[in-house]
């Protein structure tokens with residue numbers, strides 16, 4: 001199935017899920033429609049219906065979507081019925097922000113370990129975790145069965161750490177490091193670079 | 001011109017620019033080809049040539065691209081020949097990471113001001129800046145002529161702050177807040193939510 005569905009469709013499902021959870025828990029709604037969901041997300045209702053139709057029939061003509069059911073279905077599709085352990089690489093300000101971010105736990109993720117190469121940072125407490133030396137990376141990741149990692153490290157160590165994480169069994173990486181990283185084909189990688197996002201916007205601004 | 005070129009093309013230009021700068025300053029190369037650039041970015045050379053062809057003729061058959069020239073041209077296209085002042089909203093760990101991030105300055109941006117609502121944080125030094133109370137937002141943004149802002153604030157104040165920033169003249173926002181925000185049509189907005197990025201990847205993993 002995975003190869004039949006465009007990745008851009010998969011990329012919108014977490015946005016639908018996030019908004020549906022908000023509808024259920026903040027706005028205390030039980031049902032919604034592709035129109036309402038689309039209005040809230042600035043996505044056309046036709047796009048939403050088309051995206052969801054890849055996975056089945058979730059709504060009823062006239063009554064729309066039952067929100068808890070759609071949340072459950074999207075969670076299953078995205079493999080969020082388990083909690084994924086995540087290794088945070090780097091315990092600077094960004095690593096701290098990530099390791100202490102409370103938004104992970106309710107959405108399928110749990111920071112299992114934090115690493116840094118700086119002996120001054122090793123042993124520091126971040127919430128329930130203690131920063132470990134990067135030398136312990138392979139052992140800890142194998143022991144905890146961690147399959148995901150977030151990179152918040154300097155550029156010059158990013159590729160080497162990526163290689164070590166992949167060697168230790170990590171299958172998906174989210175990198176905040178502003179370079180392109182090489183990973184094997186069966187490893188997922190996603191990037192977050194504020195400058196790349198801002199440069200895309202300045203194109204549209206009056207200089 | 002802006003409306004003729006697909007936004008997805010614009011979104012790749014900062015990646016080309018970032019890699020070209022790396023080629024010039026780290027690898028000390030003077031020329032490159034769409035093949036080499038594509039190999040480094042996992043993008044096809046045909047895609048790169050097609051993207052660049054929207055803006056003119058930058059390479060020569062056989063000799064490829066002169067890197068400093070292409071860097072200059074992309075910088076002009078993306079309006080990076082000036083430095084854009086940026087307001088950072090929120091002085092938690094993420095706000096700190098952003099306000100002290102050294103990757104902005106060489107790439108067209110400069111953090112001009114940092115705001116927080118917490119009186120404990122107001123006055124705190126982050127590099128050359130002092131955290132200001134959010135009440136000073138409108139005055140400071142007008143005085144400094146800031147047109148861009150980064151949101152690193154709690155969910156419940158994000159829309160209100162967005163409205164205030166737009167009212168004060170901000171034309172582009174990068175939001176780290178995990179909700180969809182409403183902005184006028186002439187205002188650019190871009191989002192960064194680690195959970196959305198990670199949920200897109202777990203779809204492809206064995207649960």
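Chains as they are written, first to last, in this note's numbering: chain L, 1 to 207; chain R, 1 to 207.
From the three backbone atoms N, C-alpha and C, an ideal C-beta is built for every residue, glycine too.
All of these numbers come straight from a predicted model, not from anything done at the bench.
Residue-chain proximity (residue 197/L, chain R), Cβ-Cβ < 8 Å: Taking the first chain and counting its residues from 1, one reaches residue 197/L at position 197. Chain R contact via Cβ: present.
For residue 44/R, which residues from the same chain have a beta carbon less than 8 Å from its beta carbon, with the 5 sequence-adjacent residues on both sides left out? As a position in the second chain, residue 44/R is number 44, starting the count at 1. Hits under 8 Å: 38.
Please classify residue 171/L: does DSSP put it in a helix, a strand, or coil? For this step, residue 171/L is matched to residue 171 along the first chain. Correct three-state label for residue 171/L: coil.
Is DSSP giving residue 133/R helix, strand or coil here? Taking the first residue of the second chain as 1, we reach residue 133/R at position 133. If DSSP states are grouped into helix, strand and coil, residue 133/R belongs with the strands.
How should residue 202/L be labelled, buried or exposed, when 16 other C-beta atoms within 10 angstroms of its C-beta is the threshold for buried? Locating residue 202/L in the first chain gives position 202, counting from the first residue. Residue 202/L should be labelled buried.
So for residue 63/R, helix, strand or coil by DSSP? Stepping through the second chain from its first residue, residue 63/R is reached at position 63. It is coil, neither helix nor strand.
Selection from 71/R, 24/R, 155/R, 154/R that minimises the alpha carbon distance to residue 13/R: Position 13 of the second chain, counted from the start, is the residue given in the question as residue 13/R. Cα-wise, what sits closest to residue 13/R is 71/R.
Take residue 67/L as the anchor and find which of 117/L, 132/L, 23/L, 189/L has the nearest alpha-carbon. As a position in the first chain, residue 67/L is number 67, starting the count at 1. Of 117/L, 132/L, 23/L, 189/L, the residue nearest in Cα terms is 23/L.
Scan the region 94-107 of chain R for residues whose Cβ lies nearer than 8 Å to a Cβ of chain L and list them as they occur along the chain. 94, 96, 97, 98, 100, 101, 103, 104, 107
By the 8 Å beta-carbon criterion, what residues does the region 73-97 of chain L contribute toward chain R? 77, 78, 79, 80, 81, 82, 84, 86, 92, 93, 94, 96, 97
According to DSSP, which residues form a beta bridge with residue 148/L? Along the first chain, read from residue 1 onward, the residue named residue 148/L stands at position 148. The partner list for residue 148/L (beta bridge, DSSP) reads 86/L, 172/L.
Contact under 8 Å by Cβ, residue 141/L with residue 174/L: Within the first chain, numbered from 1, the residue matching residue 141/L stands at position 141. Within the first chain, numbered from 1, the residue matching residue 174/L stands at position 174. No, these two residues do not count as a Cβ contact at 8 Å.
List, in order along the chain, the chain L residues whose C-beta lies closer than 7 Å to that of residue 15/R? Taking the first residue of the second chain as position 1, residue 15/R is located at position 15. Chain L residues near residue 15/R: 196.
What residues in its chain sit with their C-beta under 6 Å from that of residue 172/L, if we drop five residues either side in the sequence? Along the first chain, read from residue 1 onward, the residue named residue 172/L stands at position 172. Correct list, in chain order: 148, 188.
Every unbroken beta strand (DSSP E) inside the region 102-130 of chain L [3 residues or more]: 109-116
Select from 109/L, 118/L, 198/L, 177/L the residue whose C-alpha is nearest the C-alpha of residue 83/L. Here residue 83/L refers to the residue found at position 83 when the first chain is read from its first residue. That would be 109/L, whose Cα lies nearest to the Cα of residue 83/L.
Confirm, please, whether the CB-CB distance from residue 190/L to residue 197/R is below 8 Å. The sequence position of residue 197/R within the second chain is 197, counting from 1. The sequence position of residue 190/L within the first chain is 190, counting from 1. Result yes, Cβ atoms of residue 197/R and residue 190/L sit closer than 8 Å.
Three-state secondary structure assigned by DSSP to residue 16/R: Here residue 16/R refers to the residue found at position 16 of the second chain. Three-state DSSP puts residue 16/R in a helix.
Per DSSP, which residues does residue 190/R bridge with? Please list them. Looking up residue 190/R in the second chain gives position 190. Residue 190/R pairs with 174/R.
For residue 132/L versus residue 114/L, is the C-beta spacing smaller than 8 Å? As a working mapping, residue 132/L is identified with position 132 in the first chain. As a working mapping, residue 114/L is identified with position 114 in the first chain. Going by C-beta atoms, residue 132/L is nearer than 8 Å to residue 114/L.
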